[in-house]
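Using UniProt numbering, the letters of the sequence shown correspond one by one to residues 1 to 129.
I have placed the structure first, in the form of structure tokens, so that the comments after it can refer back to it.
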Amino acid sequence: MSHKNLKNIPVYRKALELCRMSREIASYVSFNKDLLRLYESNSLRDIIANSILTDAILIPQKIALVESSRSTSERLQNLSFINIMIRNINSYCLGLEKDGVKETEYINLLRSELKSFRKYYRKWKVSHR
Numbered sequence: 001m002s003h004k005n006l007k008n009i010p011v012y013r014k015a016l017e018l019c020r021m022s023r024e025i026a027s028y029v030s031f032n033k034d035l036l037r038l039y040e041s042n043s044l045r046d047i048i049a050n051s052i053l054t055d056a057i058l059i060p061q062k063i064a065l066v067e068s069s070r071s072t073s074e075r076l077q078n079l080s081f082i083n084i085m086i087r088n089i090n091s092y093c094l095g096l097e098k099d100g101v102k103e104t105e106y107i108n109l110l111r112s113e114l115k116s117f118r119k120y121y122r123k124w125k126v127s128h129r
């Protein structure tokens, strides 16, 4: 499937929105404002922010792989990875709260975006099993 066609898939667009929001939240909560270097930090908060970014970036990539794959087992494997990344991001939100992020409204916004994405994802997933 071409890049243009991916933009027409609602779950893919929603995944890109999740990426944008994750980037903004990570930028806000991290001590190291250079998001490309978060992995170098020893701060738990920076590590969690980097993990959120990594998983959020992988989700649209996995959606693209599912869309382009002809192999059922490959599609199922990528769908499973997306499920894992959704759970991980939820866990990272809890980790940020436990690390002392006071502005929990931002974390709750990310959770809401993730919940919204999950609705699109469930509908889309049914057609790719």
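We put the beta carbon where it would ideally sit given N, CA and C, even for glycine.
Name the residue from the options whose alpha carbon lies nearest to the alpha carbon of residue i.
{"i": "Y121", "options": "L38, S112 and K14", "result": "K14"}
{"i": "N90", "options": "V66, D55 and R23", "result": "D55"}
{"i": "K119", "options": "N108, N83 and L94", "result": "N83"}
{"i": "L16", "options": "K125, V126 and F117", "result": "F117"}
{"i": "N88", "options": "E67, N8 and I57", "result": "I57"}
{"i": "T72", "options": "S127, I9, N8 and P10", "result": "S127"}
{"i": "I86", "options": "I59, E103, K33 and N8", "result": "I59"}
{"i": "S27", "options": "D46, K98 and R70", "result": "D46"}
Per DSSP, what kind of secondary structure is residue i in: helix, strand or coil?
{"i": "K125", "result": "helix"}
{"i": "G100", "result": "coil"}
{"i": "R45", "result": "helix"}
{"i": "I9", "result": "coil"}
{"i": "L30", "result": "In the sequence as presented, Leu is not what sits at residue 30; that position holds Ser. It is coil, neither helix nor strand."}
{"i": "S69", "result": "coil"}
I'd like to know whether the C-beta atoms of residue i and residue j end up nearer to each other than 8 Å.
{"i": "Y92", "j": "S30", "result": "no"}
{"i": "K23", "j": "L44", "result": "The displayed chain sequence assigns Arg, not Lys, to residue 23. Not in contact: R23 and L44 (Cβ atoms no closer than 8 Å)."}
{"i": "I63", "j": "Y12", "result": "yes"}
{"i": "L18", "j": "L114", "result": "yes"}
{"i": "G95", "j": "I48", "result": "yes"}
{"i": "K125", "j": "L65", "result": "no"}
{"i": "E67", "j": "I9", "result": "yes"}
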